[in-house]
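Down below is the structure, laid out as structure tokens.
Residue numbers (the numbering used here), protein chains in the order written: chain P, 1 to 478; chain C, 479 to 866.
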């Protein structure tokens, strides 16, 4: 089921909210079970064949977690249990996500004629990662015992289940256990609705609106120089508004249930360097990769050379996490390379004087954006050869179409760029503070400005009116 | 006592905050409903597709998106003949069809359409009781494709005018934008400016005359668009070993026969009072040569399917098949084409005159004669000396 669909907005969400708050009168457990069941219903609506896999994954990880938390095991045995748990998760992920890719590569190398076609269970990358983090923390002794219902809800919680944000058990499970969240709070519901409205508008009006321009570069026709740039930039903004729109909607929906989700975006295209970009783009994935891959690999603790190696490994695997294709690996490697250059520049580059700082900042911002756009070409293209083809067109100014259509497209791109670069982001507008569990402080009570209220109501209306047809989120396929 | 009164005050403040937030929540939901209903009202009044009534208050405007536009055309236009097809039948002018065939036509052709889509749209048009259907048919439209309710490009419920379709039309932001634009275009002081700003890039309804829907744009240089070099280039492109595998994609005889029976024969049999003129369009000979050279088995499949279709159509007294595929003076003159299949406006005119005269109507007694002529031409054609 999609957030940007009438059945979700007008049926599923109101029913889930009503059931949750109605059962909240009878204690803390029933609403949690209700929400977990609602989340399974949400998942099964379009992925019914993988509900068993999801439940099996929850049972397996909960059991391994219990062994690590509750049993007094020897160090070696504990490590073996962890290894079994993580290996089990990675094996399932590998079978469903990477078996086809591996077979295709073996086939290309050895002409085996062997091919594997496996349907990708939606959300598997996300719920596998959240549970690996749980197991690793359980091994590290950082997890108290959790009851099964809140744990199951932590994994299945429908606002995040399909495309994140990647949740952390220490953040979420205590919230599920709080009794306050089981009582309806009109302020949180209103703020959640407004955040949901902004996300829905980003998806249905902005991301879906610019999507046709992407075909200029990645469609069947040979693009000219300007068309290739328009297509690449259109994808750059489509992806941002699509994914950040989804994340806003997830945060907004969750807030209606009184649960604060972590932020996933912080105006990434305003970044002045790639390190900054990765602190702003898909923040929960960056944090996961840092805490559970980069640091365990050694991080920056084993000298500068190994730090760069660790960065490259982390980003290449981060790329592979997005999809089983070489284009994603190259995208990850490219970002790894960018990060290495960025760190090297920070360590060895010249100091920038205050007089040239504004110009240098502008250049850094432009260079960062350009580097990100180039990498997105690999992320979007169907194959390495088509990515290189689009990039070659972007580097061939001799062929320029620049007709009436391209001019109109250019205006579209400029508007999107203006929003991404200069507009405040959702958390700034709403005063959303995940750490302190506050939101909408400036809008509270009598201070609420009517104009803001009506403007955001119009945004929700436009978002709903923008729902035209089945339009999946790009990150569903990861 | 003090603590008690303090708690009471704090509870009162909390309650006041909650009440205020609840009021704001209701205001927010009310305003959302108001804006949504406003957009629906605007769409109902302007009715860009003329789904509820022919345009009177505001100037009629039309969209080149024929899958959507046809839903309105079948309701708003007067016609006695339906003209259907794919991109090969998209550039015809209704006025030319009317003049040459002596009918009042409605062109409903849809680029890249499948037999499911075409059959569904024709069926919707037949509810208005036309006398005749002229149907340009390609073999590939009968390949397996999504049913109309799973087809994201065809708004099937809009044709059915059920609650889902009408609600989707009225509560559409994109349609409200078009409605506002059409409304602005109908205000006399604004009309010239809005008309100048109207183009297909920004707005979906840029066409002011129904006869101009999807015709070849006036600025197109016909000689530049249709010439032998382009046709030869297209031939080389589709026969490139990298791409030629796609030529045979989706061709399955049983599925095509099944879809032909459901979508074409079913419609013909269900409407015995309607005359069906079905025609196989004049592709360039290179289309057949490409199939011959890339996949002989696929060519045989297409021949077999053609033979089946010809025999089946011949069995119905209300249907007549016209086969233009073996007219060598057209199909061998590569200057008539923009690629290996799409013919020029001059050939459009010839198609209409052939249909009017019945020049290439297939004899019911020998339905495969023209197919045999085509097979001989394809077998004999040599593509080595094509223009570069």
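Beta carbons: idealized from backbone N, C-alpha and C, even for Gly.
None of the values given here were measured: they were computed from a predicted structure.
Quiz item: Under a CB-based cut-off of 8 Å, is residue 296 of chain P close to chain C?
Solution: Cβ-Cβ to chain C under 8 Å: no for residue 296 of chain P.
Quiz item: Between residue 758 of chain C and residue 802 of chain C, which are expected to be in contact by the criterion C-beta below 8 Å, what is the C-beta distance as a whole number of angstroms?
Solution: Confirmed, about 6 Å.
Exercise. Determine the burial state of residue 393 of chain P: buried for a count of at least 16 other Cβ atoms within 10 Å of its Cβ, exposed for fewer.
Key: Under this definition residue 393 of chain P is a buried residue.
Quiz item: Residues bridged to residue 756 of chain C by DSSP?
Solution: Paired residue(s): C:613, C:799.
Self-check item: For residue 562 of chain C: DSSP bridge partner residues
Solution: Answer is C:613.
Quiz item: When burial is assigned at 16 or more other CB atoms within 10 Å of the CB, is residue 399 of chain P buried or exposed?
Solution: Sixteen is the threshold: since fewer than 16 other Cβ atoms of the shown chains lie within 10 Å of the Cβ of residue 399 of chain P, the residue is exposed.
Self-check item: Contacts of residue 514 of chain C in chain P (Cβ-Cβ under 8 Å)
Solution: Result: 461, 464, 465.
Quiz item: At a CB-CB cut-off below 7 Å, which residues of chain C make contact with residue 189 of chain P?
Solution: Under the 7 Å cutoff, chain C gives 503.
Quiz item: Which value, in whole angstroms, describes the spacing of the CA atoms of residue 457 of chain P and residue 816 of chain C?
Solution: Rounded to the nearest angstrom, the two C-alpha atoms are 50 Å apart.
Quiz item: What is the DSSP secondary structure of residue 472 of chain C, counted as helix, strand or coil?
Solution: Here chain C covers residues 479 to 866 and nothing more, so residue 472 of chain C does not appear.
Quiz prompt | Range covered by the beta strand (DSSP E) that runs through residue 584 of chain C | solution = Here the beta strand (DSSP E) through residue 584 of chain C covers 583 to 585.
Quiz item: For the stretch 189 to 215 of chain P, which segments carrying the beta strand (DSSP E) assignment without a break, of at least 3 residues, lie completely within its bounds, in sequence order?
Solution: Whole beta strand (DSSP E) segments, 3+ residues: zero.
Quiz item: Buried or exposed: residue 428 of chain P, going by 16 or more other Cβ atoms within 10 Å of its Cβ?
Solution: It is exposed - the Cβ of residue 428 of chain P has fewer than 16 other Cβ atoms within 10 Å.
Quiz item: Along chain C, in chain order, which residues have C-beta atoms closer than 7 Å to that of residue 550 of chain P?
Solution: An answer regarding residue 550 of chain P cannot be provided, because it is not within the stretch 1 to 478 covered by chain P.
Self-check item: Cross-strand partners of residue 821 of chain C (DSSP beta bridge)
Solution: BP columns for residue 821 of chain C point to C:815.
Quiz prompt | CB of residue 266 of chain P within 8 Å of CB of residue 249 of chain P, strictly | solution = Result no, Cβ atoms of residue 266 of chain P and residue 249 of chain P do not sit closer than 8 Å.
Quiz item: Is the beta carbon of residue 115 of chain P sitting closer than 8 Å to the one on residue 108 of chain P?
Solution: Taking a C-beta distance under 8 Å as the contact criterion, residue 115 of chain P and residue 108 of chain P do not qualify as a contact pair.
Practice problem: Below 7 Å between beta carbons is the criterion; list the residues of the stretch 702 to 713 of chain C that meet it against any residue of chain P, in chain order. | Solution: Using a CB distance below 7 Å, no part of the stretch 702 to 713 of chain C faces chain P.
Practice problem: Give the residues of chain C in contact with residue 453 of chain P, contact being defined as C-beta atoms less than 8 Å apart. | Solution: Per Cβ cutoff of 8 Å: 502, 505, 506, 509.
Exercise. Give the single residue among C:639, C:702, C:521 whose Cα lies nearest to the Cα of residue 659 of chain C.
Key: Checked all of C:639, C:702, C:521; the closest Cα to residue 659 of chain C is C:521.
Quiz item: Is there at least one Cβ from chain C nearer than 8 Å to residue 234 of chain P's Cβ?
Solution: Not closer than 8 Å to any Cβ of chain C, the Cβ of residue 234 of chain P fails to qualify, so no.
Quiz prompt | Through-space distance from residue 215 of chain P to residue 4 of chain P, alpha-carbon basis | solution = Linking residue 4 of chain P to residue 215 of chain P through their CA atoms gives a straight-line distance of about 22 Å.
Quiz item: What does residue 540 of chain C pair with, by DSSP beta-bridge criteria?
Solution: Looking at the DSSP output, residue 540 of chain C bridges to C:685.
Quiz prompt | residue 805 of chain C - containing alpha helix (DSSP H), residue span | solution = Residue 805 of chain C -> no alpha helix (DSSP H), and no H or E assigned at all.
Quiz item: According to the Cβ coordinates, are residue 320 of chain P and residue 310 of chain P closer than 8 Å?
Solution: The Cβ atoms of residue 320 of chain P and residue 310 of chain P lie no closer than 8 Å to each other.
Quiz item: What in chain P is Cβ-close to residue 496 of chain C, meaning under 8 Å?
Solution: For residue 496 of chain C, the chain P residues whose Cβ falls inside 8 Å of its Cβ are 185, 186, 187, in order along the chain.
Practice problem: Evaluate the contact criterion for the stretch 197 to 206 of chain P versus the stretch 162 to 173 of chain P: three or more CB pairs, one atom per stretch, below 8 Å. | Solution: With contact defined as three or more Cβ pairs closer than 8 Å, the stretch 197 to 206 of chain P and the stretch 162 to 173 of chain P are not in contact.
Self-check item: Beta-carbon spacing of residue 257 of chain P, residue 23 of chain P below 8 Å
Solution: Against a cut-off of 8 Å, the Cβ pair of residue 23 of chain P and residue 257 of chain P comes out as no contact.
Quiz item: For the alpha helix (DSSP H) that residue 916 of chain C lies in, which residues bound it at each end?
Solution: Residue 916 of chain C falls outside the range modelled here, since chain C spans only 479 to 866, and no answer is possible.
Quiz item: Under 8 Å between C-beta atoms, does residue 293 of chain P make it to chain C?
Solution: Closer than 8 Å to the CB of residue 293 of chain P there is not a single CB belonging to chain C.
Self-check item: Contacts around residue 805 of chain C, its chain only, beta-carbon distance under 6 Å, and the 5 residues preceding and following it disregarded
Solution: Answer for residue 805 of chain C: 760, listed in chain order.
Quiz prompt | CB contact flag (residue 177 of chain P, residue 212 of chain P, <8 Å) | solution = Going by C-beta atoms, residue 177 of chain P is not nearer than 8 Å to residue 212 of chain P.
Self-check item: Range of the contiguous alpha helix (DSSP H) that encloses residue 489 of chain P
Solution: For chain P, the structure presents residues 1 to 478; residue 489 of chain P sits outside this window and is missing.
Quiz item: In angstroms, rounded to a whole number, what distance separates the CA positions of residue 729 of chain C and residue 277 of chain P?
Solution: Approximately 48 Å, taken between the alpha carbons.
Quiz item: Hey, out of P:125, P:182, P:299, P:455, whose CA is closest to residue 96 of chain P's CA?
Solution: Comparing Cα positions, the closest option is P:125.
Self-check item: Contact list for the stretch 190 to 203 of chain P against chain C, Cβ threshold 7 Å
Solution: Those would be 190, 193, in chain order.
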